[in-house]
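Here's the structure, in structure tokens; my notes come after.
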Amino acid sequence: MASGIWKPGRRLFSVASILMLVMAVLHTIGFFGAKPDNADQLLIGMMGMRHEPMGMGMAPSMADIFYCLAASITVYSAAVGLLNLIVLASADAADSLVSKLLWVNIIWVTAFTALCFHYQVLPPFISGVVFEVFLIGAVVIPSKE
356 MASGIWKPGR RLFSVASILM LVMAVLHTIG FFGAKPDNAD QLLIGMMGMR
406 HEPMGMGMAP SMADIFYCLA ASITVYSAAV GLLNLIVLAS ADAADSLVSK
456 LLWVNIIWVT AFTALCFHYQ VLPPFISGVV FEVFLIGAVV IPSKE
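Each residue of the sequence shown is one higher than the one before, counting from 356 in this note's numbering.
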């Protein structure tokens, strides 16, 4: 009998969670590993000149905010993927808990994918579609996986 993340009924959800970890790594490599061209450097330089007062003595530049949000994608994707896998691997995690966690993931991935589509950002949109396929598959065919 299979246990943990490869237990029948949890496999597709597990694959989606592993893909979230893969996305975190690829996002980091793609975002922080790319060398900005002249136009990018000019834009980031201009963003660095615009500061927003945020309270508590903080006034980050728009570039600081941009980099913080970009790094947050990596942190969030890794955290969600790991949390999912911890629950899925737990022998005492009830199927009802796994089902609720699955639906929370479907909701956040749907929202994430819709935002990426709306703002026309293709790489994370593709990731969202792939996640969604596995998550919906976990609902539709849980006993046949």
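We put the beta carbon where it would ideally sit given N, CA and C, even for glycine.
DSSP lists no bridge partner for S369.
With fewer than 16 other CB atoms across the displayed protein chains lying within 10 angstroms of its CB, M413 is exposed. Between L477 and the set R366, V495, H382, L367, the nearest pair of CA atoms involves H382. Per DSSP, I496 is not a residue of any alpha helix (DSSP H), being assigned neither H nor E. Per DSSP, the continuous alpha helix (DSSP H) segment holding Q396 begins and ends at 393-404. When the Cα atoms are used, V464 and N439 turn out to be separated by approximately 13 Å. The C-alpha of I428 is placed about 19 Å away from the C-alpha of V370. In this structure, the alpha-carbon of Y431 lies about 30 Å from that of N393. The three-state reading of DSSP puts S445 in coil, since its state is none of H, G, I, E or B. Per the coordinates, the alpha-carbon of I384 lies some 13 Å from the alpha-carbon of L376. Here the C-alpha atom of V494 lies approximately 12 Å from the C-alpha atom of P363. In the structure shown, M417 adopts helical secondary structure according to DSSP, grouped into three states.
Counting the other CB atoms within 10 Å of its CB gives V459 a total below 16, which places it among the exposed residues.
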